[in-house]
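Just so we're aligned: the sequence shown equals residues -11 to 180 in the working numbering.
Below: one structure, written as structure tokens.
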Amino acid sequence: MNKLKYSVPGQMLLMIKNHFTVSVVFMIFFLMTASMQKGVFNTLFGVLGFLGYFLSIYAYSGTALRNDKLTVSPLTPKPLKGLLLPAFLTIANVIVILLYKLAWIAGSDGKSMTEIWSLILNIISLLWVAPYQPLLGMAYGHIELQGYLIIFVTPFIASTLGYFAAYKGFDLSAKVHGFAYEKKKDKDKDEF
């Protein structure tokens, strides 16, 4: 039995793991499509990454509620628990943003990195925010206002909506799957 799934701190840590997994996937995606990321395409990739990130937190929160409902779980579902789940993720986000700022304040000349440690901190920061990095306005140690809103508000909104929707019995994936077209099998053809 995975004990992390059945404790609130464990669920918070699993949300950080979820964030990191999505960040790595989108970093690989962005590196593979780097030559296309100019102008409108950069914004498009940022929006796609943001939606993927939002939906991953939404889905994880619904999964957390389903784990809370299991008979082996000592937790009881509460409708506003979704607000609590991203607490550790928010702390991690604050640490990463502070490291990003530190790297640019202490390890750069304002235009480029001058120290290897600052370059490493900058890369870690960019990896952490990879899903929505094109939307942040990150440049030379600065982040625009919408960037802070995306970094700090999105996890709370997505988690609250996901947990509350699951609490009320709403399954977004089942609703979306209802729109999917499934090709009917032709019984006359031989299948191998």
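Where a beta carbon is used, it is the ideal one built from N, C-alpha and C, also for glycine.
The structure presented is a predicted model; accordingly, all values stated were derived computationally and were not measured.
Looking only at its chain, what residues have a beta carbon closer than 7 Å to the beta carbon of residue i, apart from the 5 residues adjacent to it on each side?
i: residue 75; result: 0
i: residue 143; result: 45, 74, 77 and 78
i: residue 40; result: 10, 14 and 119
Measure how close the beta-carbons of residue i and residue j come, nearest whole angstrom, since I'm counting them as under 8 Å.
i: residue 118; j: residue 42; result: About 14 Å; that fails the 8 Å criterion.
i: residue 91; j: residue 109; result: 4 Å
CA-CA distance, residue i and residue j?
i: residue 20; j: residue 62; result: 44 Å
i: residue 113; j: residue 152; result: 31 Å
i: residue 135; j: residue 128; result: 14 Å
i: residue 33; j: residue 125; result: 14 Å
i: residue 130; j: residue -6; result: 39 Å
i: residue 59; j: residue 100; result: 55 Å
Skipping 5 residues on each side, what residues in its chain have a beta carbon closer than 8 Å to that of residue i?
i: residue 12; result: 115 and 118
i: residue 31; result: 122 and 123
i: residue 83; result: none
i: residue -9; result: -2
Using DSSP bridges, identify the partner residues of residue i.
i: residue 127; result: 130
Excluding five sequence neighbours on each side, which residues of the same chain lie with their C-beta closer than 6 Å to the C-beta of residue i?
i: residue 147; result: 45, 49, 70, 73 and 74
i: residue 88; result: 113
i: residue -11; result: Since pLDDT at residue -11 reaches only 48, below the 50 mark, its modelled position is unreliable, and the value read off the structure follows with that caveat. Correct list: empty, nothing qualifies.
i: residue 15; result: 115 and 118
i: residue 132; result: 125
Quiz prompt | Every unbroken alpha helix (DSSP H) within the region 40 to 106, with a cutoff of 4 residues, ordered by chain | solution = 75 to 94
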